[in-house]
Amino acid sequence: MHITPPFLDARILDGVAVVYLLPHTNVTTFNANGVCIPHILKLLESCRRVDVVWDSYIASSIKESTRKKRGKGVRRKVGGPTKVPSNWPDFLRDSTNKEELFQFLSDKVGSNDWPDGKEVFITSGTDVISRGSDHSMPRCDHEEADTRIVVHLKDALDKGCTTCLVRTVDTDVVVILIGKYHSLTSQHQMAAIWVAFGTGKNFMYLDINAICYALGKDRSTALPMFHSFTGCDTTSAFFGKGKKSVWEAWNAYVEVTEAFNNLMNHPYMTVTVNCKEFQLLERFTVIIYNKKSNLDSVNEARRELFSQKNRTMENIPPTQEALLQHTLRAVYQAGIWATSDHCEQKPPTSEGFGWTLESATKTWRPVCSNLPVASQACSRLIKWLQKRHVHVWRTMLMQEGAVEVHITLQLPMETGYIMKGNNAKLPAPILSIQGLFALVTGLFDIYSLSLAEPGSSHYGFYLFSYDFVYAGNLNVRNSLMLFGGITAAGGLSLIVTSVLLLQGLRKENEMCLDLSLQENEMRLEPWIWCMAVFTAWRSLVIIYASIVNDMVFTYHILMCLLWILFILGNIYAWLVVHSFYHELCEISKLEDVARVKMEVMSSFSASRPTTPGTKSDVTTKMIP
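Numbering (the numbering used here), first residue to last: 254 to 877.
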């Protein structure tokens, strides 16, 4: 807590805060002589200038949704003899009540006689009423007193005031003053800016000079954009992430300061997913949810946190599309703050900055996403894929305002091989034929070699001849007969497992998308093991046979070439099916959780910046 200096040159009052704070229980009518004017006179005893700044209430404002969330007040006519309502906060919830009250107080203050040498400035709509001063302030189109205070502060500094105090209870005002500090003091180096902040036990004096010195120029200038991006009145906060948490993330990722400053130096800047500023903000968002993450994409971070870290949907980042819309809203609000020292802000329309105008109510509604709503698009897409026999892995990605489900076609793409659609079934029938070929040739080799006993004589043929086969080498003959028997058994196993493989692949087409993935894995496992062992075995056999056999004969040459082709094909088929099996294993790990999430996803509050205006005890304080 800081102690205010004994004398101030100027006091600038947030009018709405003063109206809330001044005592009203002992006041019977709206007559300003009872409370407001005595309060200003008291303040003038310790300064020579007092400014009172009111809010303006503009139709179709982005602040309208925030005001509606505060509740609807009771309409009362404001006038000097009119009795003050007993429920003062309820009275102030009505915008028309406040407009009339502010105008009434401005007229009373403007017509009052003030002590000589004292200056009083009070806003009246877009104009400013001045008393005791030779100069007048220009017209100002600001909607909120938060930004208009900066105009009055700048005017006070321009007119020779050096020590100025701003009275407010709004964190936004503190943030704006910190952001504009270096701009103001560049022309007024002796300026000392103070803020009387809070009420009751939480009241304190904040030395803006000391705060900005501690933060440094870059962070001070970037602070409004940081505040807007992480949650304020018109932009939402990341669910469960208070200011302390996001401040720690900023300390962990200081590179995002560049993006904050660029957006502050270029108000209402166009932001896209490919621009440098958004990429820095996207990385910053990942850091907010996982400070140890090396990922740059929020979508990738969502998948990692959900599937590997077992995070709930509320505790993962928003989708990239939702984050873009949130960033556009933050840029728009930060643009208003960045031009707070301009009398004429003339902000662009909110359309295109994450807002859309409801034609029926004429109010601005946040754009959650430009992607199709999952409840409408997802079911149609899944049915379309089912008809075309494509397996779908449903990766759940929640977004602002609606559920977004990314549909990923699970087509094996690892090891450089791509299997599309029904091509997944091609290896099974082909390899069944190979198994039959191995069975027949293995049995034929056993039959042929059984006739080729050493010393036996047979008729010779060009294709088959036993005249010179292993004469005198019984061990080689017996080993080849054993190899033929094992090959025949392997061929039979390959036929059986290929049938199971084909059934498993067909099961993906016949079953619902989220049923019995483990069963399909079990159908693929025997073939994977059988093919691996069979291919390795035949590779050894073909090497051995090419050494011990007489390669003059066409049969031996043909068998050698055919098995080389079979082995190469087997390797390719094994890689393709194994990659598909690997995909199924990954899917099955998430299947139970995903099914539950999909069934109840419509009831989830999305992991996104929360609805603008939502009250949260973790988003109200800014300065650590």
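Beta carbons: idealized from backbone N, C-alpha and C, even for Gly.
Nearest-angstrom Cβ-Cβ length linking residue i and residue j, presumed shorter than 8 angstroms
i, j, result
"T308", "I265", "Residue 308 is actually Asp in this sequence, not Thr. So it is not a contact: roughly 14 angstroms between Cβ atoms."
"R392", "T376", "So it is not a contact: roughly 10 angstroms between Cβ atoms."
"P570", "V526", "That belief does not hold up - the Cβ atoms of P570 and V526 are roughly 14 angstroms apart, past 8 angstroms."
"L814", "P779", "Not quite, the Cβ-Cβ distance comes to about 29 angstroms (not below 8 angstroms), so this is no contact."
"D549", "R564", "About 18 angstroms separates the two Cβ atoms, so there is no contact after all."
"T474", "M517", "6 angstroms"
"V524", "F531", "5 angstroms"
"H470", "H435", "Checking the displayed sequence, the identity of residue 470 turns out to be Lys instead of His. Their Cβ separation, rounded to whole angstroms, is 5 angstroms, which keeps K470 and H435 in contact under 8 angstroms."
Sequence-distant residues of its chain with Cβ nearer than 8 angstroms to residue i (five each side left out)
i, result
"D267", "V306, A398, D399, I402, V419, R420, T421, V422, D423 and V426"
"Y670", "Only weak support exists for where Y670 lies, its pLDDT of 28 falling under 50; the coordinates are left without a value."
"A270", "R420, T421, V422 and D423"
"L696", "G737 and A741"
"C417", "L261, D262, A263, R264, I265, L406, A409, L410, A444, A445, I446 and W447"
"V212", "Not covered by the structure: residue 212. The range shown for the chain is 254 to 877."
"Q652", "Confidence in Q652 is poor, its pLDDT being 36 and thus under 50, which makes the residue's placement too unreliable to answer from."
"K316", "E396, E397, D486 and T487"
Cβ-Cβ distance between residue i and residue j below 8 angstroms
i, j, result
"K433", "D262", "no"
"W816", "I800", "no"
"G493", "N568", "yes"
"A508", "L468", "Sequence check: residue 508 is Glu here, not Ala. No, these two residues do not count as a Cβ contact at 8 angstroms."
"Y834", "I781", "yes"
"L476", "V428", "yes"
"E396", "S314", "yes"
"D394", "K615", "no"
"C485", "I431", "no"
"V362", "C289", "yes"
"L702", "R730", "yes"
Residues near residue i in its chain [Cβ-Cβ closer than 6 angstroms; skip 5 each side]
i, result
"L768", "Confidence is the limiting factor: at L768 the pLDDT is only 41, short of 50, which leaves the residue's position unreliable and the question unanswerable from this model."
"Y273", "none"
"S685", "I748 and S751"
"Y884", "Because the chain is modelled from 254 through 877, residue 884 falls outside the range shown and cannot be assessed."
"P520", "G588, A591 and T592"
"I311", "E396"
"T438", "A444"
"E852", "Its pLDDT being 48, under 50, E852 is placed unreliably by the model, and the measurement read from it follows with that caveat. If we look at E852 and ignore the five residues flanking it on each side, it has no Cβ neighbours."
"N543", "none"
"H809", "N802"
Top-ranked residue by Cα proximity to residue i, from the options
i, options, result
"I382", "F357, D369, E396 and N340", "F357"
"D360", "F283, K412, L753 and T614", "F283"
"Y458", "Y466, W447, C465 and K316", "W447"
"W790", "L476, I820, I781 and P619", "I820"
"S489", "N823, K407 and H579", "H579"
"W590", "C300, M784, Y310 and V404", "V404"
"W341", "N731, I290 and N279", "N279"
"D698", "N728, L733 and F491", "L733"
"K330", "N504, N350, D343 and L777", "N350"
"A502", "N515, A463, S546 and I461", "S546"
"Q687", "N823, V524, A798 and R582", "N823"
"R582", "Q561, F559 and T609", "T609"
"C596", "M390, K470, G332 and N365", "M390"
"P291", "P368, K316, L704 and V786", "P368"
"L755", "I739, R776 and L735", "R776"
Same chain, Cβ closer than 7 angstroms to residue i, five either side skipped, listed in chain order
i, result
"T281", "K336 and V337"
"K371", "L297, R301 and G385"
"K295", "none"
"T415", "D262, M443, A444 and A445"
"E511", "L533"
"S792", "I820"
"M764", "Low per-residue confidence applies at M764: pLDDT is 42, beneath 50, and the placement is therefore not dependable enough to give any value."
* **Cβ contact check for the stretch 590–607 and the stretch 489–502: 3 or more pairs under 8 angstroms** => no
* Asked: For the 8 angstroms Cβ check, are there 3 or more pairs between the stretch 690–705 and the stretch 739–747?
  -> yes
* Report yes or no: do the stretch 436–455 and the stretch 543–556 share at least 3 C-beta pairs separated by less than 8 angstroms? => no
* Asked: Can at least three beta-carbon pairs, one atom from the stretch 607–626 and one from the stretch 566–582, be found at a separation below 8 angstroms?
  -> yes
* **Three or more C-beta pairs below 8 angstroms linking the stretch 576–587 and the stretch 471–488** => yes
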